[in-house]
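*Asks:*
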Amino acid sequence: MLPTFKRCRTPHHNANTDTNLDYNTDNKPKFFNKRLSPFLQAGKRLSLLALLATATPVFAQAALPEAIQAALARADLSASDMSIVITPVGDKNASHLPSPIQVVDSVSATGAEAAIAPDSPKSTQNPIDKGKTSIQKSTEYHSALTTIEKRTIKKYEQKIHAYTDDPYIYQSLESIPTPLANSYSSQSHLANSNQATLNDDSHDSKNNRDKIATSSINISFSPLLSYQPDIARTPASTMKLVPSFIALDTLGADFVWHTRVYHTGVIVNDRLYGDLIIQGSGDPKMTHERLQQLLYQVQAAGIRHIDGDMIVDSAIFHNVTKDPAAFDNDPLRPYNASPDGFLVNFSTIGIKSYPANNGKAALVYTPQLANYQMPSTIDTRSAACGQARYSLAPQWQPNRLALNAALPNSCQEHAFYIAYPDAKDFAARVIAAKWQALGNTLSGDVISQETPYDASKKSTPAKGLAAWPISPLPIVSYASLNLAQQIYDINHFSNNVMAEQVALSIGAYHHDNNAKVGTNKTDKAKNYKNANEQGTISSSLDDKSDRLKNKTVKNSSLHNTSLYQFGNPTTDYSTALQTINQWWQSNLDTPPPYLTNGSGLCRECTITAANLSELLAYAYNRPNFDSYVNSLGVAGVSGTIVAHSDRLPDSKAIGRAWIKTGTLNNVTSMAGYVKGLSGQDYVIVGLINSEQALNAYNARTVLDVALDWTAQH
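Residue numbers (my numbering): 1223 to 1935.
(1) Alpha carbon to alpha carbon, how far is residue 1696 from residue 1673? Give it in angstroms, no decimals.
(2) Alpha carbons only, please: which of 1861, 1314, 1299, 1296 is nearest the one belonging to residue 1901?
(3) Per DSSP, residue 1369 forms a beta bridge with which residues?
(4) Tell me which residue opens and which closes the beta strand (DSSP E) that residue 1882 is part of.
(5) Taking residue 1568 as the reference, which of 1598, 1519, 1513 has the closest Cα?
(6) Should residue 1311 and residue 1842 be called a contact, given that it needs their Cβ atoms to be closer than 8 angstroms?
(7) Hey, residue 1585 and residue 1600: beta-carbon distance below 8 angstroms or not?
(8) I'd like the ranges of any alpha helix (DSSP H) spanning at least 4 consecutive residues and lying wholly in the stretch 1601-1630.
(9) Buried or exposed: residue 1170, going by 16 or more other Cβ atoms within 10 Å of its Cβ?
(10) Grouping DSSP H, G and I as helix and E and B as strand, with all else coil, what is residue 1706?
(11) Taking just the CA atoms, how far does residue 1304 sit from residue 1886?
(12) Would you be able to state if there are at least three C-beta pairs under 8 angstroms between the stretch 1820-1837 and the stretch 1714-1731?
(13) For residue 1609 and residue 1646, what's the separation of their Cα atoms in angstroms?
(14) At the level of alpha carbons, what is the spacing between residue 1602 and residue 1374?
(15) Report buried or exposed for residue 1455, applying the criterion of at least 16 other Cβ atoms within 10 angstroms of its Cβ.
(16) Check for me: the beta strand (DSSP E) holding residue 1594 runs from which residue to which?
(17) According to DSSP, is residue 1310 helix, strand or coil?
(18) Could you check the C-alpha separation between residue 1468 and residue 1579 for me, to the nearest Å?
(19) Pick from 1859, 1490, 1903: whose alpha carbon is nearest that of residue 1400?
(20) Which of the three DSSP states, helix, strand or coil, is assigned to residue 1538?
(21) What is the DSSP secondary structure of residue 1363, reduced to helix, strand or coil?
(22) Looking at residue 1863 and residue 1881, is the spacing between their C-beta atoms short of 8 angstroms?
(23) For the 8 angstroms Cβ check, are there 3 or more pairs between the stretch 1845-1854 and the stretch 1463-1480?
(24) Would you identify the three-state DSSP class for residue 1835, choosing helix, strand or coil?
(25) For the candidate residues 1705, 1553, 1922, whose alpha-carbon lies nearest to that of residue 1721?
(26) Given this structure, state the Cα-to-Cα distance separating residue 1614 from residue 1555, to the nearest angstrom.
(27) Under three-state DSSP, which class holds residue 1588?
(28) Within its chain, find whatever has a CB closer than 6 angstroms to the CB of residue 1545; leave out the 5 residues flanking it on each side and keep chain order.
(29) Would you please state the rounded distance, in angstroms, between the beta carbons of residue 1905 and residue 1309? I believe it to be under 8 angstroms.
(30) By how many angstroms is the C-alpha of residue 1533 removed from the C-alpha of residue 1589?
(31) How would you write the range of the beta strand (DSSP E) that residue 1651 sits in, first residue to last?
(32) Under 8 angstroms: do the stretch 1571-1578 and the stretch 1624-1637 share three or more Cβ pairs, one atom per stretch?
(33) In terms of residues, what are the limits of the beta strand (DSSP E) holding residue 1529?
(34) Can you list, in chain order, the residues of its chain with a C-beta nearer than 8 angstroms to that of residue 1827? Leave out the 5 residues immediately preceding and following it.
(35) Tell me which same chain residues have a C-beta within less than 7 angstroms of the C-beta of residue 1618, skipping the five on either side of it?
(36) So residue 1720 is in the alpha helix (DSSP H); what residue range does that whole segment cover?
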């Protein structure tokens, strides 16, 4: 995720780190081997000449088009700084992309104006492209359009940016609907009739799939534009496209994370004599509201008072904590938050300011932190409202939050977001505060740990009823939002820590790991069954208490009776990245990219334009493509590409391009899909790495021109 206000949107780094790019030109894509294999089988033999003869008639360019060269010159960049691949995919008569979104100045009473732009013959050529002869004019393709007024988008963006210094975190945490929420979103799964055909198991469906695959293979040999495709470059946030699609492909769009709650001891009336155990699942979006729902379900299960501790088990991810200051020395920014097995609210707190009297402002914090002091008022000063680090100068101290600057009075009602430095301590404090806010009590502590619960390691051994072992089944199993919904946040709002959670979850929940888990479950479930048959577990609370008087907690038969004891996947970065690498090698032909995390917030991570182009082309024909493409921002309309229309108002790509962007110092990138005016769908990837640190946003205009150029085809 990037800083999100226009004056200074890129993280700041030591300039020396910006030039450490790994240029690797030795690895060339081998498209022919795997792409031709289906046609070399019995009954499907086609000659290479036949394949090429049936290919979509497009032209490949070894040199950059004049419009892109001119944009590079205006940005004071050279062609050597850029890699770009634009490849046709699919069949223009059976597009997999959503309907274009038409952005109009105003919708007339009759709707006639909306019906002709932007594909109407009335449309004029972009001034940038006047005099250019390289683009071949073709019959424009008309399809159903979603129409939105330009002023609606502007009003929405202005409102968001005026209210907070971090609009993407705000929209992600608060689940703020975009202007297109009612008609166009990732959650609506806009599968067209062609996508529905892909999911049909009929004979006709198989023939259609073969035709679609043939079409993809044919046009993959003829990129519209391929320039320096094999140079490994720093991708910034376009790297999120890798784990987000692999997660969809391996786990499925409907995959959910289950956070489970167990307890030791026994429940008498509404009091638990024992410990409550929350087993983290790696859920990327356990917001503070969802955490409150989880705790409310615990309360509804019959527990309001706990005579013991609350243990948070985040062991599903281990050794993933990072120094939030390591990347750019800006640990307060939420994009630097660490992943965790039980991540709460992105480890981020919202501070909302409200004007008050006597030169002061009131402050409200969401969520609240237990046993931690935070000032409720702040002095004001005459200044422009900016980022939290400038407007508040916050500092996390052991037991209090210090605000070391007076609040600019221009902030008025405003929302700031700052990350807490320790994910586990943050989760423990929020849980304690939420539990108390529900009117419940806790005699012990909230303890967040990266190891499974082990009663034998407690400093004070449990006695009496509290010594009973962990409950056989969870009293609460709380499902997350599904993967498709989470991917939307990751790509639309460029959420770094959610991307990390998903990448790690690929390693934890991938079917290879689940197969091992299943073996453990089978063996240990037998122990659980035998224990029930022997009467070890009784439904009578009184019987439990009587037997406990004569048994110790170390009775081995009692330790194999809880689902908590087995079948729990675990992973670390090494395992997760290895799983991603294995998927790549099994499904694609280009050498795998080099990842050190899943978000792209790294300087050592590298990928080629050919890598991303092949991934996006492969995704185009996969069953979960609708969830993938709808997670992307729409050029000039939403997401991180919304400002495309500001930079290039007459762009033909407005509403016709679904794009993930990336920006760091010296890095500007984009990747996604474009629906050309001819009706042809394209994969587009553009990566610009430059040693000129101030050119990140100048470089963005180059990619804008490339989007426009593609959309005109």
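All residues carry an ideal CB built from backbone N, CA and C; glycine is no exception.
Just so you know, these numbers come straight off a predicted model, no measurement behind them.
*Replies:* According to the data block:
(1) Position 451 of the sequence shown, counted from the first residue, corresponds to residue 1673. Position 474 of the sequence shown, counted from the first residue, corresponds to residue 1696. Cα to Cα, residue 1673 sits roughly 18 angstroms from residue 1696.
(2) Taking the sequence shown and counting its residues from 1, one reaches residue 1901 at position 679. Residue 1314 is the option with its Cα nearest to residue 1901.
(3) Sequence index remark: in the sequence shown, residue 1369 carries index 147 (1-based). DSSP output for residue 1369 lists 1324 as bridge partner(s).
(4) Taking the sequence shown and counting its residues from 1, the one referred to as residue 1882 is at position 660. 1879-1886 is the extent of the beta strand (DSSP E) around residue 1882.
(5) Mapped onto the sequence shown, residue 1568 falls at position 346. For the residues 1598, 1519, 1513, the minimum Cα distance to residue 1568 belongs to 1513.
(6) Position 89 of the sequence shown, counted from the start, is the residue given in the question as residue 1311. Position 620 of the sequence shown, counted from the start, is the residue given in the question as residue 1842. Yes, the Cβ-Cβ distance between residue 1311 and residue 1842 is below 8 angstroms.
(7) Sequence index remark: in the sequence shown, residue 1585 carries index 363 (1-based). Sequence index remark: in the sequence shown, residue 1600 carries index 378 (1-based). Taking 8 angstroms as the Cβ cut-off, residue 1585 and residue 1600 qualify as a contacting pair.
(8) 1610-1613
(9) Residue 1170 falls outside the range modelled here, since the chain spans only 1223 to 1935, and no answer is possible.
(10) Here the question's residue 1706 lines up with position 484 in the sequence shown. Residue 1706: helix per DSSP, three-state reduction.
(11) For this step, residue 1886 is matched to residue 664 along the sequence shown. For this step, residue 1304 is matched to residue 82 along the sequence shown. Whole-angstrom Cα-Cα distance: 15 angstroms.
(12) yes
(13) Locating residue 1609 in the sequence shown gives position 387, where the first residue counts as 1. Locating residue 1646 in the sequence shown gives position 424, where the first residue counts as 1. Near 25 angstroms, if we compare the C-alpha coordinates of residue 1646 and residue 1609.
(14) Looking up residue 1602 in the sequence shown gives position 380. Looking up residue 1374 in the sequence shown gives position 152. Answer to the nearest angstrom: the Cα atoms are 33 angstroms apart.
(15) The residue you call residue 1455 lines up with position 233 of the sequence shown. Burial call: buried.
(16) Walking along the sequence shown from the start, residue 1594 turns up at place 372. Segment: none, residue 1594 is in no beta strand (DSSP E) and carries neither H nor E.
(17) Position 88 of the sequence shown, counted from the start, is the residue given in the question as residue 1310. Residue state, collapsed to three classes: strand.
(18) The residue labelled residue 1468 in the question sits at position 246 within the sequence shown. The residue labelled residue 1579 in the question sits at position 357 within the sequence shown. Cα to Cα, the separation comes out at about 53 angstroms.
(19) On the sequence shown, residue 1400 is found 178 positions in, with the first residue counted as 1. Minimum Cα distance to residue 1400 is reached at 1859.
(20) What you label residue 1538 is simply residue 316 of the sequence shown in a count that begins at 1. It is coil, neither helix nor strand.
(21) As a working note, residue 1363 is residue 141 in the sequence shown. Residue placement at residue 1363 is flagged as unreliable, the pLDDT there being 45, under the threshold of 50; the coordinate-derived value follows with that caveat. Three-state result, residue 1363: coil.
(22) What you label residue 1881 is simply residue 659 of the sequence shown in a count that begins at 1. What you label residue 1863 is simply residue 641 of the sequence shown in a count that begins at 1. In this structure, residue 1863 lies closer than 8 angstroms to residue 1881 by Cβ.
(23) yes
(24) As a working mapping, residue 1835 is identified with position 613 in the sequence shown. Of the three classes helix, strand and coil, the one that applies to residue 1835 here is helix, per DSSP.
(25) Position 499 of the sequence shown, counting from 1, holds the residue named residue 1721. Nearest of 1705, 1553, 1922 to residue 1721, Cα basis: 1705.
(26) Translated into positions along the sequence shown, residue 1614 becomes position 392. Translated into positions along the sequence shown, residue 1555 becomes position 333. Taking the straight line joining both Cα atoms gives about 13 angstroms.
(27) Mapped onto the sequence shown, residue 1588 falls at position 366. Strand.
(28) Stepping through the sequence shown from its first residue, residue 1545 is reached at position 323. Excluding positions up to five away in sequence, the list is empty.
(29) The residue given as residue 1905 occupies position 683 in the sequence shown. The residue given as residue 1309 occupies position 87 in the sequence shown. Confirmed, about 5 angstroms.
(30) As a working mapping, residue 1589 is identified with position 367 in the sequence shown. As a working mapping, residue 1533 is identified with position 311 in the sequence shown. If you take the alpha carbons of residue 1589 and residue 1533, they lie about 20 angstroms apart.
(31) Sequence index remark: in the sequence shown, residue 1651 carries index 429 (1-based). No beta strand (DSSP E) contains residue 1651, which is instead part of the alpha helix (DSSP H) from 1645-1659.
(32) yes
(33) Mapped onto the sequence shown, residue 1529 falls at position 307. Run containing residue 1529: 1527-1529, per the beta strand (DSSP E) assignment.
(34) Walking along the sequence shown from the start, residue 1827 turns up at place 605. Taken in chain order, the residues that qualify are 1456, 1457, 1461, 1815, 1816, 1817, 1818, 1819.
(35) Position 396 of the sequence shown, counting from 1, holds the residue named residue 1618. Excluding residues within five positions, the ones whose Cβ falls inside 7 angstroms are 1642, 1643.
(36) As a working note, residue 1720 is residue 498 in the sequence shown. That run of the alpha helix (DSSP H) goes 1718-1731.
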